[in-house]
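Under the numbering used here, read the sequence shown as residues 26 to 229, first letter to last.
One structure is given here, and the rest of the page talks about it.
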Amino acid sequence: TDSETARYAEMVLSGSISKELVDSLESVGIKAVGISGKDGRMLTCSKKLDERGRDLGFVGQIERVDTALLETLLSNNFVPVISPVGVDEASNTYNINADYAASAIAGALNAQKLIFLTDVEGILKDKDDPSTILRSLSRNQALAYIADGTIKGGMIPKVQCCLDGLDKGVESVHVLDGRLPHAILLEIFTTEGIGTMVTGEELP
Numbered sequence: 026t027d028s029e030t031a032r033y034a035e036m037v038l039s040g041s042i043s044k045e046l047v048d049s050l051e052s053v054g055i056k057a058v059g060i061s062g063k064d065g066r067m068l069t070c071s072k073k074l075d076e077r078g079r080d081l082g083f084v085g086q087i088e089r090v091d092t093a094l095l096e097t098l099l100s101n102n103f104v105p106v107i108s109p110v111g112v113d114e115a116s117n118t119y120n121i122n123a124d125y126a127a128s129a130i131a132g133a134l135n136a137q138k139l140i141f142l143t144d145v146e147g148i149l150k151d152k153d154d155p156s157t158i159l160r161s162l163s164r165n166q167a168l169a170y171i172a173d174g175t176i177k178g179g180m181i182p183k184v185q186c187c188l189d190g191l192d193k194g195v196e197s198v199h200v201l202d203g204r205l206p207h208a209i210l211l212e213i214f215t216t217e218g219i220g221t222m223v224t225g226e227e228l229p
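Given below as structure tokens:
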């Protein structure tokens, strides 16, 4: 990500997308406010390198989460809509993977649950077969499925973000199909749920 692309990403994420989400929440009576990870220096980051140590440009690795602004908003009953943009110590702007930003923020807030809304049913053994959905998944099971190739491709980063959330103290991480009406309610308040729940330990 070069500086021009990072600047464009910030404009889109903190501008039109953020405003659209805020408007949607406000339209159903939820007080919401759009902010970015730069506001209040919420997300301080450093330059992220790939596995081979190569420079990825203005892609950020989160180093610190300051929850002061979030806590102020939450204590006043506002739902913060956060665009995944961070800043380094020299005030350079970085684009941050949204899932990793969510897991870092959830951990910093001592959240019990972290919920990812996606365009798939959950974590699948076979990405082309919705019936292979894994309703629950422990850390060890997730690592084993990645190692043997059951979990592969684009699902690996999502699962790694789930594990990152657990590492930061979140009790359970849920991967749900955000296209399904009432997905969060169905996951939280029904016995079987409708997505995948990832936990530190294997469930009985």
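We put the CB at the ideal spot given by N, CA and C, even for glycine.
Handout entry: the segment 143-162 in contact with the segment 220-227 per 3-pair CB rule at 8 Å
Key = yes
Problem - Span of the alpha helix (DSSP H) around residue 166 - result: From DSSP, the alpha helix (DSSP H) with residue 166 extends over 164-172.
Practice task
Note down, one range per segment and in chain order, each alpha helix (DSSP H) of at least 4 residues found wholly within the segment 172-214.
Solution key: Counting only runs of 4+ residues, the alpha helix (DSSP H) found wholly inside the segment 172-214 occupies 180-192 and 208-214, in chain order.
Exercise for the section: Taking the CB atoms as reference points, tell me whether residue 86 and residue 72 lie closer together than 9 Å. Expected result: yes
Exercise for the section: Run through the segment 118-155 for me and flag every whole alpha helix (DSSP H) of 4 or more residues, listed as ranges in chain order. Expected result: Segments of the alpha helix (DSSP H) lying fully in the segment 118-155: 123-133.
Handout entry: Selected residue, minimal CA-CA separation from residue 100, among 56, 115 and 192
Key = 56
Practice task
Using 10 angstroms around the beta-carbon of residue 183, count the other beta-carbons present and answer buried if the total reaches 16, otherwise exposed.
Solution key: buried
Practice task
Determine, using beta-carbon pairs with one atom in the segment 144-156 and one in the segment 196-210, whether at least three such pairs fall under 8 Å.
Solution key: yes
Exercise for the section: Return the chain-ordered list of same chain residues with a C-beta closer than 7 Å to the C-beta of residue 140, the five sequence neighbours on each side being excluded. Expected result: 199, 201 and 209
Practice task
Take the Cβ of residue 120 as the centre, count every other Cβ of all protein chains shown within 10 Å, and call the residue buried at 16 or more, exposed below.
Solution key: So residue 120 counts as buried.
Practice task
Give me whichever residues DSSP pairs with residue 89 in a beta bridge.
Solution key: 69
Problem - Residue interval of the beta strand (DSSP E) (run including residue 37) - result: Note, residue 37: premise wrong, no beta strand (DSSP E); not H, not E.
Handout entry: Touch test, the segment 44-59 against the segment 109-116, Cβ-Cβ under 8 Å, three pairs minimum
Key = The segment 44-59 makes no contact with the segment 109-116; the number of CB pairs closer than 8 Å stays below 3.
Practice task
Measure the beta-carbon distance from residue 69 to residue 96 and round it to whole angstroms, keeping in mind my assumption that it falls under 8 Å.
Solution key: The Cβ separation is near 17 Å, so there is no contact.
Problem - Test item: CB-CB of residue 84 and residue 129 under 9 Å - result: no
Practice task
Using alpha carbons as the reference points, say which of 123, 104 and 38 lies closest to residue 50.
Solution key: 104
Practice task
Grab me the residues of residue 98's own chain with a C-beta within less than 7 Å of its C-beta, minus the 5 sequence neighbours each way, in chain order.
Solution key: 58 and 105
Problem - residue 118 classed as buried or exposed, judged by whether at least 16 other C-beta atoms fall within 10 angstroms - result: Result: buried.
Exercise for the section: Consult DSSP for residue 221 and reduce its assignment to one of helix, strand or coil. Expected result: strand
Practice task
Could you tell me the distance, in whole angstroms, from the CA atom of residue 132 to the CA atom of residue 29?
Solution key: Rounded to the nearest whole angstrom, the CA to CA distance from residue 132 to residue 29 is 31 Å.
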